[in-house]
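Have a look at the structure below, then the notes.
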Amino acid sequence: MKTKLLRGLDIQLVNKSGYNPPTPEHIPKLHSLMILNGRRNAGKTTAITNYLNILKQNKLVDEIYVTTPTYDSNRKNWEALGIPRENVFEPTKDAVERIKRLIEQQSNDWDEYQEKKKKWDKIVNSDVPFHLLPPLYQQFIAENGGREPEWKYEFERPPVLFWVLDDCLGWDIYKPSAGLTKFIQSHRHHYKIGISVAMLTQTYCTKEAGIARPIRENCTLLCLWKVKDQNQLKRIHDEIGNDVSLEKFDQMLEYATREPYSFMTIDFVPKKPEYAFRKNFNEYMT
């Protein structure tokens with residue numbers, strides 16, 4: 001084979017859009033799109049609340065929103081995370097618009113804080129006496145009580161948000177007119193700050209129900225409990241790709257799910273190739 005390079009036709013890489021909060025070595029990348037698939041009472045809610053607790057312990061999430069019709073039956077799981085009740089709402093048709101408004105408000109809050117910081121820094125670094133400052137700046141100082149603006153969360157960064165949809169299949173939020181698929185396809189980019197999403201479901205995909213294919217194709221973390229339906233298993237393997245043989249995949253899935261409530265985690269954007277498969281969240285499989 002012969003090749004010839006052509007000048008002036010190189011591909012120029014640009015910085016990716018969207019905010020991607022940094023994470024430690026062994027915590028998967030954010031913003032993530034998670035799918036947790038398992039039968040009833042498999043442990044999906046326990047798994048996601050444990051994962052969110054890991055993120056909170058590592059100071060990796062600022063606000064968690066939960067959309068579920070089963071909040072009361074899982075109240076202990078959610079309350080342990082300290083999620084305000086106003087952050088929990090049912091999977092109605094307007095739920096997507098509601099989460100969009102929440103993200104927009106968080107983004108606006110961050111922009112407003114940034115502007116206040118700029119004003120404050122300009123005043124602090126100025127040699128002009130207070131009484132000679134423009135009235136606008138004097139008013140700004142008075143409104144803030146003469147104190148430096150404070151960000152509402154512990155860390156000064158764009159808000160890191162996480163949205164969980166638990167047991168919502170069959171509800172209006174899954175109707176095409178609700179706009180869930182379109183929203184999730186661009187979840188990293190909404191209002192400049194984006195949001196991570198976790199979808200808990202008993203059905204991965206069937207002709208009648210399950211997670212829409214565009215969402216499955218954008219999944220970054222897939223958590224699987226025991227899969228008895230061989231057609232479902234083959235579909236999952238086909239969508240994973242050729243990185244691992246079906247035989248090895250079956251071996252890892254069997255190992256990861258042999259204990260009650262345990263599961264297999266597949267990372268589609270691992271930091272290293274050997275980080276792609278885990279038992280639960282804390283054990284790599286290669």
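In the numbering used here, the protein residues as written are 1 to 286.
Ideal Cβ positions, reconstructed from N, Cα and C, are used throughout, including at glycine.
Three-state secondary structure (DSSP) at residue i?
| i | result |
| --- | --- |
| Asn218 | coil |
| Met252 | helix |
| Glu63 | strand |
| Ala198 | strand |
| Arg235 | helix |
| Arg278 | strand |
| Glu283 | strand |
| Ile266 | strand |
| Val244 | coil |
| Leu224 | strand |
| Leu102 | helix |
Let me know if residue i comes out buried or exposed under the rule of 16 or more other beta-carbons within 10 Å of its beta-carbon.
| i | result |
| --- | --- |
| Asn108 | exposed |
| Thr265 | buried |
| Ser126 | exposed |
| Ile48 | buried |
| Gly146 | exposed |
| Val164 | buried |
Using only CA atoms, which one of the options lies nearest to residue i?
| i | options | result |
| --- | --- | --- |
| Tyr191 | Gln106, Pro270, Tyr261 | Gln106 |
| Leu102 | Asp172, Arg213, Pro159 | Pro159 |
| Met252 | Ala276, Asn231, Glu104, Ser73 | Ala276 |
| Phe89 | Gly43, Gln230, Lys272, Thr67 | Thr67 |
| Gly43 | Met285, Asp250, Asp167 | Asp167 |
| Asp294 | Pro260, Trp151, Thr46, Val227 | Any question about residue 294 goes unanswered here, given that the chain covers just 1 to 286. |
Pop quiz: residue i and residue j are said to be a contact at Cβ under 8 Å. What is the actual Cβ separation, rounded to whole angstroms?
| i | j | result |
| --- | --- | --- |
| Ser186 | Phe162 | About 16 Å separates the two Cβ atoms, so there is no contact after all. |
| His237 | Leu246 | 5 Å |
| Tyr65 | Asn87 | 5 Å |
| Arg216 | His31 | That pair is no contact at about 17 Å. |
| Ile27 | Ile54 | 7 Å |
| Leu221 | Met34 | 4 Å |
Using a Cβ cut-off of 9 Å (strictly closer), state whether residue i contacts chain C.
| i | result |
| --- | --- |
| Ile27 | Absent here is chain C; the protein component of the structure consists of one chain. |
Segments assigned alpha helix (DSSP H), at least 4 residues, entirely inside the region 107-190: 135-143, 180-185, all fully within the region 107-190.
Any chance you could list the alpha helix (DSSP H) runs of at least 4 consecutive residues sitting entirely within the region 35-80, in chain order? 44-57, 75-79
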